[in-house]
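Student: Residue numbers (my numbering): 53 to 182.
Positions of the beta carbon are idealized from the N, C-alpha and C atoms, including for glycine.
After the C-alpha coordinates below, expect a handful of questions from me.
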Amino acid sequence: MADSTDYIKWLERANQDFRLIEIINREGIIGLEDSFCYICHQCAEKFLKAFIIKHEKTAPKSHDLLFLLGKCKKYDNRLINLTNSLTALNEYSISARYPIDFDDNRTIEDAKESYDCICKVKHVLCLLFQ
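As C-alpha coordinates, this is what we get:
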(Lines of atoms letter the chains of each structure in order from A; the text may use other names.)
(Lines give C-alpha, C1' and ligand atoms only; values in the text may rest on other atoms or scores of the structure.)
Protein backbone atom coordinates (compact mmCIF):
# COMPACT_ATOMS: atom_id res chain seq x y z
CA MET A 53 0.00 0.00 0.00
CA ALA A 54 1.34 3.40 -0.92
CA ASP A 55 2.03 5.91 1.81
CA SER A 56 -0.25 8.95 1.86
CA THR A 57 2.76 11.17 1.19
CA ASP A 58 4.10 9.22 -1.80
CA TYR A 59 2.77 11.91 -4.11
CA ILE A 60 5.35 14.28 -2.60
CA LYS A 61 8.15 12.10 -3.97
CA TRP A 62 6.60 12.35 -7.42
CA LEU A 63 6.29 16.12 -7.05
CA GLU A 64 9.93 16.37 -6.02
CA ARG A 65 11.02 14.39 -9.06
CA ALA A 66 8.78 16.45 -11.35
CA ASN A 67 10.30 19.62 -9.94
CA GLN A 68 13.81 18.22 -10.49
CA ASP A 69 12.89 17.59 -14.12
CA PHE A 70 11.53 21.12 -14.37
CA ARG A 71 14.77 22.55 -12.97
CA LEU A 72 16.67 20.68 -15.67
CA ILE A 73 14.26 22.02 -18.29
CA GLU A 74 14.89 25.56 -17.02
CA ILE A 75 18.68 25.05 -17.17
CA ILE A 76 18.58 23.70 -20.71
CA ASN A 77 16.21 26.46 -21.79
CA ARG A 78 18.51 29.10 -20.32
CA GLU A 79 21.79 27.58 -21.56
CA GLY A 80 20.55 26.66 -25.03
CA ILE A 81 18.27 24.10 -26.59
CA ILE A 82 19.95 23.88 -30.00
CA GLY A 83 21.16 20.35 -30.59
CA LEU A 84 19.05 19.03 -27.70
CA GLU A 85 15.58 19.46 -29.17
CA ASP A 86 14.57 15.77 -29.07
CA SER A 87 15.78 15.27 -25.51
CA PHE A 88 14.30 18.58 -24.39
CA CYS A 89 10.85 17.71 -25.74
CA TYR A 90 11.08 14.25 -24.18
CA ILE A 91 11.95 15.56 -20.71
CA CYS A 92 9.08 18.05 -20.93
CA HIS A 93 6.77 15.08 -21.53
CA GLN A 94 8.34 13.17 -18.63
CA CYS A 95 7.93 16.15 -16.33
CA ALA A 96 4.24 16.50 -17.19
CA GLU A 97 3.75 12.78 -16.64
CA LYS A 98 5.26 13.03 -13.15
CA PHE A 99 3.11 16.03 -12.19
CA LEU A 100 -0.02 14.19 -13.35
CA LYS A 101 0.94 10.99 -11.55
CA ALA A 102 1.61 12.96 -8.36
CA PHE A 103 -1.92 14.34 -8.56
CA ILE A 104 -3.38 10.88 -9.14
CA ILE A 105 -1.36 9.35 -6.29
CA LYS A 106 -2.54 12.09 -3.94
CA HIS A 107 -6.10 10.94 -4.58
CA GLU A 108 -5.81 7.24 -5.42
CA LYS A 109 -2.55 6.20 -3.70
CA THR A 110 -1.20 4.57 -6.89
CA ALA A 111 -0.68 5.74 -10.45
CA PRO A 112 -1.41 3.79 -13.60
CA LYS A 113 1.52 2.48 -15.60
CA SER A 114 0.88 4.65 -18.61
CA HIS A 115 2.85 7.32 -20.45
CA ASP A 116 -0.25 8.65 -22.22
CA LEU A 117 -0.77 12.13 -20.82
CA LEU A 118 -4.38 12.31 -22.00
CA PHE A 119 -5.20 9.04 -20.25
CA LEU A 120 -3.59 10.39 -17.07
CA LEU A 121 -5.50 13.65 -17.49
CA GLY A 122 -8.73 11.65 -17.64
CA LYS A 123 -7.90 10.12 -14.25
CA CYS A 124 -7.05 13.57 -12.82
CA LYS A 125 -10.26 15.20 -14.07
CA LYS A 126 -12.26 12.92 -11.79
CA TYR A 127 -10.90 15.00 -8.89
CA ASP A 128 -10.77 18.45 -10.46
CA ASN A 129 -12.50 19.14 -13.76
CA ARG A 130 -10.61 22.44 -14.16
CA LEU A 131 -7.72 20.34 -15.42
CA ILE A 132 -9.55 20.10 -18.74
CA ASN A 133 -7.78 23.40 -19.49
CA LEU A 134 -4.57 21.39 -19.90
CA THR A 135 -5.90 19.27 -22.77
CA ASN A 136 -4.17 21.22 -25.56
CA SER A 137 -0.84 21.39 -23.74
CA LEU A 138 -0.90 17.69 -22.89
CA THR A 139 -1.92 16.76 -26.43
CA ALA A 140 1.13 18.62 -27.73
CA LEU A 141 3.47 17.06 -25.15
CA ASN A 142 2.06 13.59 -25.84
CA GLU A 143 3.59 13.83 -29.33
CA TYR A 144 7.07 13.82 -27.81
CA SER A 145 6.89 10.63 -25.78
CA ILE A 146 7.39 7.82 -28.24
CA SER A 147 9.39 9.44 -31.03
CA ALA A 148 12.03 10.79 -28.65
CA ARG A 149 12.20 7.52 -26.75
CA TYR A 150 12.68 5.24 -29.76
CA PRO A 151 14.61 7.13 -32.45
CA ILE A 152 15.08 4.14 -34.75
CA ASP A 153 11.34 3.83 -35.34
CA PHE A 154 10.83 7.53 -36.05
CA ASP A 155 12.74 9.88 -38.29
CA ASP A 156 11.13 13.13 -37.27
CA ASN A 157 13.75 15.12 -35.41
CA ARG A 158 12.27 17.86 -33.29
CA THR A 159 12.85 21.48 -34.19
CA ILE A 160 13.60 24.50 -32.06
CA GLU A 161 9.93 25.47 -32.53
CA ASP A 162 8.87 22.10 -31.11
CA ALA A 163 11.14 22.67 -28.13
CA LYS A 164 9.72 26.14 -27.52
CA GLU A 165 6.18 24.76 -27.75
CA SER A 166 7.01 21.97 -25.30
CA TYR A 167 8.51 24.52 -22.91
CA ASP A 168 5.37 26.67 -23.03
CA CYS A 169 3.22 23.58 -22.47
CA ILE A 170 5.17 22.26 -19.48
CA CYS A 171 5.17 25.70 -17.88
CA LYS A 172 1.37 25.76 -18.10
CA VAL A 173 1.06 22.20 -16.77
CA LYS A 174 3.37 22.94 -13.83
CA HIS A 175 1.58 26.19 -13.01
CA VAL A 176 -1.91 24.67 -12.99
CA LEU A 177 -1.01 21.50 -11.09
CA CYS A 178 1.12 23.28 -8.50
CA LEU A 179 -1.81 25.58 -7.73
CA LEU A 180 -3.95 22.51 -7.07
CA PHE A 181 -1.37 21.08 -4.67
CA GLN A 182 -1.48 24.17 -2.45
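Cutting at 7 Å between CB atoms, please list the residues of its own chain near ASN98, excluding the five before and the five after it.
Tutor: Here residue 98 is Lys; the residue named in the question, Asn, does not match the sequence. TRP62, ARG65, ALA66, ASP69, listed in sequence order.
Student: Excluding sequence positions up to five away, which residues of its chain have a Cβ less than 6 Å from the Cβ of TYR59?
Tutor: ALA102, ILE105, LYS106
Student: Short of 8 Å in beta carbon distance, which residues of its chain neighbour ASN133, apart from the five on each side in sequence? Order them along the chain.
Tutor: VAL176
Student: Looking at the secondary structure, which residues open and close the alpha helix (DSSP H) in which SER87 lies?
Tutor: For SER87, the enclosing alpha helix (DSSP H) starts and ends at 85-108.
Student: Is the distance from the Cβ of ALA96 to the Cβ of LEU117 below 8 Å?
Tutor: yes
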